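Residue numbers (this note's numbering): -4 to 175. C-beta atoms are modelled at their ideal positions from N, C-alpha and C, and glycine is treated no differently. If you're wondering where the values come from, they're calculated on a predicted model, not measured in any experiment.
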Amino acid sequence: MDIRQTTAADLETVKELHREAFGPEEGPVIVSLLDELLPDPTAEPILSLLAEDGPRVLGHVLFTKVVIQGAEPVAARILAPLAVLPSAQKQGVGQQLVEAGLSQLRDAGVELVFVLGDPAYYTRFGFEPAGVHGLTAPHSLPAEYAEAWMVQELCSGVLGRVSGEVEASQVLNRREYWIG
Ligand SMILES: CC(C)(COP(=O)(O)OP(=O)(O)OC[C@H]1O[C@@H](n2cnc3c(N)ncnc32)[C@H](O)[C@@H]1OP(=O)(O)O)[C@@H](O)C(=O)NCCC(=O)NCCS
């Protein structure tokens, strides 16, 4: 399996992958998010990686820029969305995509990465609850999602030093993408 950056030619395949992975209810929401988020200039720098096995695209992950309001400037990104083709799930594709993304971001000097997702999945990559560090989500989340709002520092000493409200790109910051 190879992991590489996506190109414009991959867009339809990537959207189809998310449609299949997220299913008929959530899939169309994620596809329209991708349609709007990829050209959003406030989302840059973007890191868009896909996993492929020969001609078969197995998974995709996207990282986009976030800023932390009222804090000293810090290089930060958010992971969203991530999807693996149903037939390729539970074989480590998601794990390899996330780890490759975090490694590339670390090399690029990114200090913090956020995600809103399943703690059971993302804690294995080093994500931890963000709220306890004073890093709040763009919109207030229902109490049951408190643990799902997570952060990871890619260089030590940032957590605890930086706090404030996280603002995603113009598109990803929209309320509909945070509270279904
Ligand atoms: C969430 C998602 C991206 C995970 O992708 P994945 O490639 O299946 O993830 P991984 O294989 O890395 O890990 C999944 C599980 O497979 C297990 N696994 C990993 N490699 C394995 C292998 N070689 N053999 C057996 N199991 C393996 C992992 O331990 C993990 O176990 P868990 O059941 O305790 O969670 C995928 O399920 C998906 O696309 N879901 C729909 C969209 C979605 O919900 N996206 C996330 C939004 S935040």
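- prompt: Can you list, in chain order, the residues of its chain whose CB lies under 8 Å from that of residue 31, leaving out five sequence neighbours each side?
  reply: 166
field: Alpha-carbon to alpha-carbon, residue 75 and residue 174
entry: 14 Å
task: Determine the extent of the alpha helix (DSSP H) in which residue 16 is found, giving its start and end residues.
output: 6 to 32
- prompt: Cα-Cα, which of 111, 97 and 139 is closest to residue 148?
  reply: 97
field: With 16 other Cβ atoms within 10 Å as the buried cut-off, status of residue 82
entry: exposed
message: Using 8 Å for Cβ pairs, my map puts residue 61 next to residue 161. What's the rounded Cβ distance?
response: 5 Å
- prompt: Using 8 Å as the Cβ pair cut-off and three pairs as the minimum, do the stretch 89 to 104 and the stretch 36 to 56 touch?
  reply: yes
- prompt: According to the neighbour-count rule (16 or more other Cβ atoms, all chains shown, within 10 Å of its Cβ), is residue 54 buried or exposed?
  reply: buried
message: Let me make sure I understand the geometry here. Which of 65, 42 and 51 has the alpha-carbon closest to that of residue 57?
response: 42
task: Using the DSSP secondary-structure output, state which residues sit across from residue 127 in a beta bridge.
output: Partner(s): none; residue 127 has no beta bridge.
query: What are the boundary residues of the beta strand (DSSP E) that includes residue -1?
result: -3 to 0
- prompt: Quick one: what's residue 153 bridged to in DSSP?
  reply: According to DSSP, which records beta bridges pairwise, residue 153 is partnered with nothing at all.
Boundaries of the alpha helix (DSSP H) in which residue 94 is found, first to last residue: 88 to 102
- request: List the DSSP bridge partners of residue 60.
  value: 72
message: Just verifying my parser: in three-state terms, what is the DSSP assignment at residue 160?
response: strand
message: By the three-class DSSP mapping on this structure, what secondary structure does residue 142 have?
response: helix
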